[in-house]
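Trainee: What follows is a structure written as structure tokens; I'll ask about it next.
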Amino acid sequence: MSIQESAAAYESATQYFLNLARGVMKDHLDTKNPEGWSARQIIHHLADSHMNAFIRFKLGLTEEHPTIKPYDQNKWAETVDVKNVPVNNSITLLHALHRRWHALLITLNESDFMRTVYHPEQQKDISLWQLLQIYAWHGKHHATQVIQFKERVSL
């Protein structure tokens, strides 16, 4: 897959998630899925995670082999803002973030994507190309969870 195709696929996966997230009924946002998170937590998590990913990506682009900062996503999913802030804020944030990330991605060349970051929890180097693929998958993964969630609550 080319850089342009990957950037387009990433943008497409994000838009798909955002469209699904907008369709979750307000009454069902706090219903937990079998994995333990509610739709509200999933939507806010994707915003949290992709903000971290964007920062990791930019660190990798602008610094020489930086060590990225892990975080406890389960603890983040339990913070007060996740419980109290409307999901539309995270949907808007994701939309804006991905527009910005896409604008950056389409200007990069192959050597940019070969740059690496070090992930201390995984104890390995990750190329920016791999990072992009991970977060494209991540958006699709949570889109699938939202689809399954919507199917369960509509029964």
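Counting from 1, position 50 in the sequence shown corresponds to residue 118 in this note's numbering; the numbering is continuous, with no gaps.
In this text, a Cβ means the ideal position worked out from N, Cα and C, and glycines have one as well.
Since we're looking at a predicted model, the values are computed, not measured.
Quick one: what does DSSP say Val185 is sitting in, helix, strand or coil?
Mentor: strand
Trainee: Three or more C-beta pairs closer than 8 Å, one from the segment 146–154 and one from the segment 104–119: is that the case here?
Mentor: These segments touch.
Trainee: List the whole-angstrom C-beta distance separating His187 from Ile136, where the pair is believed to meet the contact cut-off of C-beta under 8 Å.
Mentor: 6 Å
Trainee: So is Ala107 buried or exposed if we call it buried at 16+ other beta carbons inside 10 Å?
Mentor: buried
Trainee: Between Trp105, Asp116, Leu173, which lies nearest to Leu161 when the distance is taken from Cα to Cα?
Mentor: Asp116
Trainee: Per DSSP, which residues does Ser106 bridge with? Please list them.
Mentor: Lys100
Trainee: When the Cα atoms are used, what is the spatial distance from Ile174 to Asn156?
Mentor: Going by the C-alpha atoms only, they are around 27 Å apart.
Trainee: Less than 8 Å between the C-beta atoms of Leu97 and Val185, yes or no?
Mentor: no
Trainee: So Met119 packs on Leu165, CB below 8 Å; how close in whole Å?
Mentor: 6 Å
Trainee: Mark Ile159 as exposed unless 16 or more other C-beta atoms lie within 10 angstroms of its C-beta, in which case mark it buried.
Mentor: buried
Trainee: Taking Glu73 as the reference, give the member of Glu219, Leu176, Glu189 with the closest Cα.
Mentor: Leu176
Trainee: Compute the Euclidean distance between the alpha carbons of Leu223 and Asp193, then round it to the nearest angstrom.
Mentor: Low per-residue confidence applies at Leu223: pLDDT is 47, beneath 50, and the placement is therefore not dependable, though the value from the model is reported in the following sentence. Their backbone Cα atoms lie some 44 Å apart in a straight line.
Trainee: Name, in chain order, the residues that DSSP records as bridge partners for Ile194.
Mentor: Val185
Trainee: Taking the continuous alpha helix (DSSP H) assigned at Ile159, which residues delimit it?
Mentor: First-last of the alpha helix (DSSP H) with Ile159: 155–173.
Trainee: What's the gap between the Cα of Ala204 and the Cα of Gln198?
Mentor: 10 Å
Trainee: By the three-class DSSP mapping on this structure, what secondary structure does Thr135 have?
Mentor: Strand.
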